[in-house]
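**Student:** Below you'll find the structure I mean.
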Amino acid sequence: MPIARTVCCQTGIRIPAAVLFTLLLTTYRLPAQTLESISGRLPGIEQRLPVVIQAAEQAAKLTLQSTNLLVNVPYSPQPSFAEEMVNRSGCLANALPSEERTKHATPEDVLLFSVRSWEDNGADAIKRLTAYRSNHACIVLFASKAGMPDNVPCDYLVDNGAPDGSRTHASANAILNVLNGLLWQCEYTAALTRHGVYPGILQSILEPGANEHNATLQKPELRRSLFRTPGSIPPGQLARQFMGNVHTLVLAIRQPPVHDAIREAANQLATHIKAGKGVKVATATHILMYEVFHDHRSPWKPFNVVWHASTAFKENLKPDDLLIWFSFVGMSTPLEDYGRFIRETGVECITSFVQDENPANNEARKRVHIPMSWARPDTVVEIPFPPGRMAPVSGLNQGIVYRCLDDAVFEALATP
Numbered sequence: 001m002p003i004a005r006t007v008c009c010q011t012g013i014r015i016p017a018a019v020l021f022t023l024l025l026t027t028y029r030l031p032a033q034t035l036e037s038i039s040g041r042l043p044g045i046e047q048r049l050p051v052v053i054q055a056a057e058q059a060a061k062l063t064l065q066s067t068n069l070l071v072n073v074p075y076s077p078q079p080s081f082a083e084e085m086v087n088r089s090g091c092l093a094n095a096l097p098s099e100e101r102t103k104h105a106t107p108e109d110v111l112l113f114s115v116r117s118w119e120d121n122g123a124d125a126i127k128r129l130t131a132y133r134s135n136h137a138c139i140v141l142f143a144s145k146a147g148m149p150d151n152v153p154c155d156y157l158v159d160n161g162a163p164d165g166s167r168t169h170a171s172a173n174a175i176l177n178v179l180n181g182l183l184w185q186c187e188y189t190a191a192l193t194r195h196g197v198y199p200g201i202l203q204s205i206l207e208p209g210a211n212e213h214n215a216t217l218q219k220p221e222l223r224r225s226l227f228r229t230p231g232s233i234p235p236g237q238l239a240r241q242f243m244g245n246v247h248t249l250v251l252a253i254r255q256p257p258v259h260d261a262i263r264e265a266a267n268q269l270a271t272h273i274k275a276g277k278g279v280k281v282a283t284a285t286h287i288l289m290y291e292v293f294h295d296h297r298s299p300w301k302p303f304n305v306v307w308h309a310s311t312a313f314k315e316n317l318k319p320d321d322l323l324i325w326f327s328f329v330g331m332s333t334p335l336e337d338y339g340r341f342i343r344e345t346g347v348e349c350i351t352s353f354v355q356d357e358n359p360a361n362n363e364a365r366k367r368v369h370i371p372m373s374w375a376r377p378d379t380v381v382e383i384p385f386p387p388g389r390m391a392p393v394s395g396l397n398q399g400i401v402y403r404c405l406d407d408a409v410f411e412a413l414a415t416p
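The sequence shown begins at 1 in the working numbering and counts up one residue at a time.
This is the structure in structure tokens:
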């Protein structure tokens, strides 16, 4: 399968991939080892799209042979990956944690499994995959080829491009495994259309009509539904569209206002830490709920707030703390009023989210706001059936910006 030689940005401008890659490496350099790692691996991910397509086509064939099969995404061993794959806007309705559907399992099920690093997670991954092998017809593994042991059971390896299997690359691997997982979801959807059907795709709860749309798909007996499609989608088309948006996203992070905001936030956080004051981190996003607890280089303290907003902030924050707050759209979500409980503590914040149309939901005692580079809806790949778009990019944006901030604070703390 030929790989696109140009990248189509949201503006409609087509930029040669080689030129864009040069821009990614030269424009507004941040002190971000994770960003450099991700930027450097994107061309390889595009070159390996044929493997993603092959894995998706095999899963589509199995789906047609057994329409009751499940797309299983185990949660407990890979929460960052699972958070971006299951019950997610723009993702497959049939992708759910295997722990939740044991009574519906079939021998034809498809498993999506990721490994942050072979050094830290290899032994556990092999043990789990060996157990999964007996009841899954297809295992798609998202991990690094480098450092991978010989005895790992899988049918397809989607390589994240890490240079070795060490924990050094775990934070970048987590983000790129999610990227590859979303590419697989796109190509699985496209592969089904070439057989005359399409799968259920969930819609963001922030979009009009989402509750009605999702209600038709989220009942256990309906998640595996297939629908007649108006036409087929060629191999690679959806994946290349998604990659174009990822390139644009990474480029935007390197430029003002995002670059300058990360720098300013890092300087203020470093000053706060050097003064002996506390920095805390919390989030109401998907990927970061797990990521903030792992592999951070800066001496801040994360805490969980999801489903605990009314008590978590006052229990974990002191008046002179500085809070780093990552959210989705505005301070709060339709499910919890995080902004209210943050404001009640009186702490100052470093915030990062997409601005809400309701100004009241953007209010906080902000020191610095780091903009996100995606726009509502966060699904960026157009599809010719409901809900019209798939594949969310917000989690990638949040994950990269968080790691950039961590790297920038770490560097600022090392500066006298």
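Cβ atoms here follow ideal geometry from the backbone N, Cα and C, with glycine treated the same way.
Because the structure is a prediction, the values reported are computed rather than measured.
Please tell me whether F293 and A391 are closer than 8 angstroms, where the distance is taken between their beta carbons.
**Tutor:** No.
**Student:** Mind checking R128: buried by the 16 CB within 10 Å criterion, or exposed?
**Tutor:** It counts as buried.
**Student:** Rounding to the nearest angstrom, what Cα-Cα distance links V73 and P97 in this structure?
**Tutor:** Each residue's Cα considered, the two are about 5 angstroms apart.
**Student:** When we look at the beta-carbon of S394 and count the other beta-carbons within 10 Å, is it buried (16 or more) or exposed?
**Tutor:** Its Cβ being crowded by 16 or more others within 10 Å, S394 is buried.
**Student:** Check this for me: beta carbons of L206 and Y198, under 8 angstroms apart or not?
**Tutor:** No, Cβ-Cβ distance for L206 and Y198 is not below 8 angstroms.
**Student:** For V306 and L112, what's the separation of their Cα atoms in angstroms?
**Tutor:** Rounded to whole angstroms, V306 to L112 spans 25 angstroms at the Cα level.
**Student:** Using beta-carbon positions only, say whether I383 and V368 come within less than 8 angstroms of one another.
**Tutor:** Not in contact: I383 and V368 (Cβ atoms no closer than 8 angstroms).
**Student:** Quick one: Cα of S114 to Cα of H296, how far?
**Tutor:** Taking the straight line joining both Cα atoms gives about 20 angstroms.
**Student:** For Y156, name the three-state secondary structure that DSSP assigns.
**Tutor:** Strand at Y156.
**Student:** Do the segment 315-331 and the segment 273-284 touch if we need at least three Cβ pairs shorter than 8 angstroms?
**Tutor:** Segments in contact, yes.
**Student:** Evaluate Q255 with the Cβ neighbour count: other Cβ atoms within 10 Å of its Cβ, from every protein chain shown; 16 or more gives buried, anything less gives exposed.
**Tutor:** It counts as exposed.
**Student:** Going straight from the alpha carbon of T11 to that of E336, what length do you get?
**Tutor:** Residue confidence for T11 is low, a pLDDT of 34 falling below 50, so the modelled location carries little weight; the figure read from the coordinates is stated next. Using only the alpha carbons, I get a separation of about 34 angstroms.
**Student:** Is the beta carbon of N94 sitting closer than 8 angstroms to the one on R263?
**Tutor:** No, the Cβ-Cβ distance between N94 and R263 is not below 8 angstroms.
**Student:** Less than 6 angstroms between C-beta atoms, sequence neighbours within five positions excluded: which residues of the same chain meet that for I139?
**Tutor:** Answer for I139: L111, C154 and D155, listed in chain order.
**Student:** Expressed to the nearest angstrom, what Euclidean distance is found between the alpha-carbon atoms of R389 and N87?
**Tutor:** About 15 angstroms.
**Student:** Is there a Cβ of chain D sitting closer than 8 angstroms to that of T34, yes or no?
**Tutor:** Protein chains in the displayed structure number just one, and chain D is not present.
**Student:** Helix, strand or coil for I233? Go by DSSP, reduced to three states.
**Tutor:** In the structure shown, I233 sits in coil (DSSP, three-state: anything other than H, G, I, E or B).
**Student:** Could you check how far apart the C-beta atoms of W118 and S80 are, in whole angstroms? I think they sit under 8 angstroms.
**Tutor:** Incorrect: roughly 16 angstroms between the Cβ atoms, too far for contact.
**Student:** Smallest Cα separation from E411: which of Q268, A360, G276 and T345?
**Tutor:** For E411, the nearest C-alpha among the options comes from Q268.
**Student:** Following the continuous beta strand (DSSP E) through R228, name the residue where it begins and the one where it ends.
**Tutor:** Element bounds for R228: L226 to R228.
**Student:** Specify the secondary structure class of I324 as computed by DSSP and reduced to three states.
**Tutor:** In the structure shown, I324 sits in a strand (DSSP, three-state: E or B).
**Student:** Taking the alpha carbon of A131 as the reference point, which residue from C186, V152, A146 and G147 has its own alpha carbon closest?
**Tutor:** For the residues C186, V152, A146 and G147, the minimum Cα distance to A131 belongs to V152.
**Student:** DSSP on R101, reduced to helix/strand/coil?
**Tutor:** If DSSP states are grouped into helix, strand and coil, R101 belongs with coil.
**Student:** Grouping DSSP H, G and I as helix and E and B as strand, with all else coil, what is L217?
**Tutor:** It is coil, neither helix nor strand.
**Student:** For R29, count the other beta carbons within 10 Å of its own beta carbon; 16 or more makes it buried, fewer makes it exposed. Which is it?
**Tutor:** Residue placement at R29 cannot be trusted, given a pLDDT of 49 that sits under 50; what the coordinates show is reported in the next sentence. Burial call: exposed.
**Student:** Can you name, in chain order, every residue of its own chain whose Cβ lies under 8 angstroms from the Cβ of L35, other than the five neighbours on each side?
**Tutor:** Contacts found: V250, I253, R254, I400, R403, C404 and D407.
**Student:** Using 10 angstroms around the beta-carbon of R48, count the other beta-carbons present and answer buried if the total reaches 16, otherwise exposed.
**Tutor:** Per the 10 Å Cβ criterion, buried.
**Student:** DSSP has Y198 in a bridge; who is on the other side?
**Tutor:** In the DSSP output, where bridge partners are listed per residue, Y198 has F227.
**Student:** Spell out a yes or no on whether the segment 339-346 and the segment 358-366 are touching, meaning 3 or more CB-CB pairs, one atom from each, closer than 8 angstroms.
**Tutor:** Touching, yes.
**Student:** When DSSP labels each residue in this structure, what does S114 get in the three-state scheme?
**Tutor:** Strand.
**Student:** Check whether the Cβ atoms of G278 and K314 sit closer than 8 angstroms, and answer yes or no.
**Tutor:** It is not a contact, given that the beta carbons lie outside the stated cut-off.
**Student:** Give me whichever residues DSSP pairs with F353 in a beta bridge.
**Tutor:** Note: F353 sits in a beta bridge opposite P371.
**Student:** Express the C-alpha separation of F385 and A217 in angstroms, rounding to a whole number.
**Tutor:** Correcting the residue identity first, residue 217 is Leu in this sequence and not Ala. Computed Cα separation, rounded: 14 angstroms.
**Student:** Pick out whichever of D120, F142 and S171 has its Cα sitting closest to the Cα of E291.
**Tutor:** The residue with the shortest Cα to Cα distance from E291 is S171.
**Student:** On the criterion of 16 or more Cβ atoms from any shown chain inside 10 Å, does T65 qualify as buried, or is it exposed?
**Tutor:** A quick correction: the sequence has Gln, not Thr, at residue 65. Label assigned to Q65: exposed.
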